[in-house]
Amino acid sequence: MTERTAIITGAGSGIGRAIALGLTVLVDSIVLIGRDAAKLAPVCEEIGKRGKSAVPLCADLSSEPGLAAIRHYVEDRLEGLDALVHCAGAYRRGLVGDTGTEDMDWHYAVNLRAPCALTQISLPALRRSQGQIVFVNSSAGLSARPALAAYCASKSALKAFADALRAEENANGVRVLSVFPGRTATPLQEKIFGLESRIYDPGLLLQPDDIAQTVVSALSLPRSAEITELMIRGMRKV
Ligand SMILES: NC(=O)c1ccc[n+]([C@@H]2O[C@H](COP(=O)([O-])OP(=O)(O)OC[C@H]3O[C@@H](n4cnc5c(N)ncnc54)[C@H](OP(=O)(O)O)[C@@H]3O)[C@@H](O)[C@H]2O)c1
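Going by the working numbering, the sequence shown opens with residue 36, and the numbers climb by one from there.
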């Protein structure tokens with residue numbers, strides 16, 4: 036039997052970590068991408084305990100060498116690819132009048148250009164397996180907010196990219212899913228509460244496992260169906 040493989044970015048923490056662990060019910064081997072090897076190592080260990088194999092791949096998605104390292108891995112080392120999950124994300128607050136264009140460039144590089152490049156790298160293998168692509172977007176990609184113009188614009192553009200890709204790849208049997216979570220209890224969200232000078236109580240928020248469970252269930256659907264978008268909100272409005 037052929038081994039089933041997934042790649043996930045942002046796998047070392049938060050939502051990406053939870054989806055990586057959730058993917059163990061669907062695939063045999065998972066390539067975990069992040070910048071910080073120390074964050075990827077425990078996730079690899081946990082995947083190993085679940086009887087599946089994990090490969091950490093350290094790469095900065097905002098850099099050409101980072102993207103090249105992933106390209107080499109996919110082209111030279113992977114035998115096949117069944118799922119690609121884009122979860123890494125850049126987030127910085129700032130009023131338009133106070134920030135430079137480099138802020139837009141940074142959000143664009145991580146939140147849009149990197150998913151685009153990784154998708155292009157992976158498409159031949161995904162077409163061969165009639166695989167699936169997941170974009171972890173954000174409620175901010177659907178509804179823009181003050182002090183978040185660059186983040187919202189990059190996520191909104193990511194939705195457009197995913198929509199066009201879905202229309203292109205449907206005939207090739209590749210399913211494309213965009214996920215739009217609300218506030219989820221992750222290291223990023225803890226930082227956001229700090230920036231908002233609010234007390235962080237993770238128990239009141241969506242949990243990373245909630246997102247992972249929903250994504251895994253969408254990926255498990257029979258091939259007669261396709262979920263294109265998932266909007267997930269916490270039950271408590273905080
Ligand atoms: N938490 C929320 O409330 C929420 C809500 C809506 C959407 N989201 C989205 O969910 C995704 C995951 O966020 P999270 O909340 O789980 O935050 P998180 O725990 O901080 O995870 C973000 C991940 O992105 C990776 N990353 C960031 N910049 C990178 C770069 N240049 N190259 C490679 N990896 C990079 C980080 O990996 P390293 O540290 O190893 O570099 C980290 O694992 C993001 O796309 C975010 O926009 C989150």
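Idealized CB from N, CA, C, for every residue including glycine.
At least one heavy atom of ligand 1 lies less than 7 angstroms from the C-beta of residue 50. The C-alpha of residue 84 lies about 13 angstroms from the C-alpha of residue 55.
Contact between residue 89 and residue 68 is ruled out by a C-beta separation of about 11 angstroms, above the 8 angstroms threshold. Judged by DSSP secondary structure, residue 266 falls within the beta strand (DSSP E) whose first and last residues are 264 to 267. Only residues of its own chain outside the window of five on either side were considered, and among them 239 have a CB closer than 7 angstroms to the CB of residue 271, listed in chain order. In the DSSP annotation of this structure, residue 257 is not part of any alpha helix (DSSP H), being labelled neither H nor E. Proximity to residue 95 across 225, 153, 81 peaks at 153, based on C-alpha coordinates.
Judged by DSSP secondary structure, residue 93 falls within the beta strand (DSSP E) whose first and last residues are 88 to 93. Under the 10 Å beta carbon count, residue 246 is surrounded by 16 or more other beta carbons and is classified as buried.
Look at residue 238 here: in three-state DSSP terms it is helix. Note on residue 119: 16 or more other CB atoms within 10 angstroms of its CB, so buried under the neighbour-count rule.
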